[in-house]
């Protein structure tokens, strides 16, 4: 519930609509959402503050379009999203990455799991770790004077079934019957 406080603040000021996709943070704002690129991949943009928005407009070539001066005009958001989408689909995700990465646009490529673990930004920060051949998120938070402990290795599906069912009071015979019926592995 505490994570909802920001939304409650917006709602209590009259800035939230229950119509999905019409709000600042739910994809309604053209400057806060995801866009498809020419290669069928996606990028995310969150350029809410005026200085970040101005940079987004510059890098997309939309800074001279007068329609985009109305950044916070909710009535304009649907048409501005369409226009921005038409620009974003003209380049591949990697092309947009070359243009926007490292700027203050509040931009990131949308990555699949394999791309996320291979991503230089994530590798430089040791965001993911591999343990016993299993890739997983590194422990967080991380502090400079305390080395975080890796969680125990994942167990194979079914590896602890007998132990768990036994702890719930099922007899060995009942567990064997469940296995033979195919109810559990």
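In the working numbering, the protein residues as written are 2 to 186. Ideal placement from N, C-alpha and C gives every residue a C-beta, glycine not left out. Bear in mind the structure is a predicted one, so any value in this text is a computation, not a measurement.
(1) Mind listing, in chain order, the continuous alpha helix (DSSP H) runs of no fewer than 4 residues lying wholly within the stretch 56-102?
(2) To the nearest angstrom, report how far apart residue 152 and residue 78 are at their CA atoms.
(3) Would you kindly work out how many angstroms separate the C-alpha atoms of residue 134 and residue 156, rounded to a whole number?
(4) Just confirm the distance between the C-beta atoms of residue 129 and residue 138, as a whole number of angstroms; I'd bet it's less than 8 Å.
(5) Go ahead and pull the three-state DSSP assignment for residue 45.
(6) Would you mind stating whether residue 92 and residue 38 have Cβ atoms separated by less than 8 Å?
(7) Can you say whether residue 32 is buried or exposed, counting buried as having 16 or more other CB atoms within 10 angstroms of its CB?
(8) Where residue 48 and residue 54 are concerned, what is the direct C-alpha to C-alpha distance, given to the nearest angstrom?
(9) Looking only at its own chain, which residues have a Cβ that is under 8 Å from the Cβ of residue 186, when we skip the five neighbours before and after it?
(10) Only counting the same chain, and skipping five residues up and downstream in sequence, which positions put a Cβ closer than 7 Å to that of residue 21?
(11) For residue 44, which of 165, 169, 85 and 12 has the nearest alpha-carbon?
(12) With DSSP as the reference, identify every bridge partner of residue 110, one or two as the case may be.
(13) Assuming residue 11 and residue 25 are in contact, meaning their beta carbons sit under 8 Å apart, how far apart are those beta carbons, in whole angstroms?
(14) Looking at the structure shown, is residue 131 part of a helix, part of a strand, or coil, going by DSSP?
(15) Among 2, 110, 83 and 184, which residue has its Cα nearest to the Cα of residue 41?
From the atom records:
(1) 78-89 and 94-101
(2) As a first step, residue 152 must be located in the chain shown, where it is residue number 151. As a first step, residue 78 must be located in the chain shown, where it is residue number 77. Between residue 152 and residue 78, the C-alpha separation is close to 44 Å.
(3) Taking the chain shown and counting its residues from 1, the one referred to as residue 134 is at position 133. Taking the chain shown and counting its residues from 1, the one referred to as residue 156 is at position 155. The straight-line gap from Cα to Cα measures roughly 12 Å.
(4) Counted from its first residue, the chain shown places residue 129 at position 128. Counted from its first residue, the chain shown places residue 138 at position 137. Yes, they are in contact, since the Cβ atoms of residue 129 and residue 138 sit about 6 Å apart, within 8 Å.
(5) Here residue 45 refers to the residue found at position 44 of the chain shown. Strand at residue 45.
(6) On the chain shown, residue 92 is found 91 positions in, with the first residue counted as 1. On the chain shown, residue 38 is found 37 positions in, with the first residue counted as 1. In this structure, residue 38 lies closer than 8 Å to residue 92 by Cβ.
(7) On the chain shown, residue 32 is found 31 positions in, with the first residue counted as 1. Classification of residue 32: buried, given that the 10 Å Cβ count is 16 or more.
(8) By one-based count along the chain shown, residue 48 stands at place 47. By one-based count along the chain shown, residue 54 stands at place 53. Straight-line Cα distance between these residues: approximately 5 Å.
(9) Along the chain shown, read from residue 1 onward, the residue named residue 186 stands at position 185. For residue 186, where only same-chain residues beyond five positions count, the Cβ hits under 8 Å are 158, 159, 162 and 180.
(10) Taking the first residue of the chain shown as 1, we reach residue 21 at position 20. Here the set comprises 27.
(11) Your numbering for residue 44 matches position 43 in the chain shown. Ranking the options by Cα distance to residue 44, first place goes to 85.
(12) Position 109 of the chain shown holds residue 110. Bridge partners of residue 110: 44.
(13) As a position in the chain shown, residue 11 is number 10, starting the count at 1. As a position in the chain shown, residue 25 is number 24, starting the count at 1. Yes, residue 11 and residue 25 are in contact; Cβ-Cβ is about 7 Å, under 8 Å.
(14) Taking the first residue of the chain shown as 1, we reach residue 131 at position 130. The answer is strand: DSSP assigns residue 131 an E or B state.
(15) As a working note, residue 41 is residue 40 in the chain shown. Ranking the options by Cα distance to residue 41, first place goes to 110.
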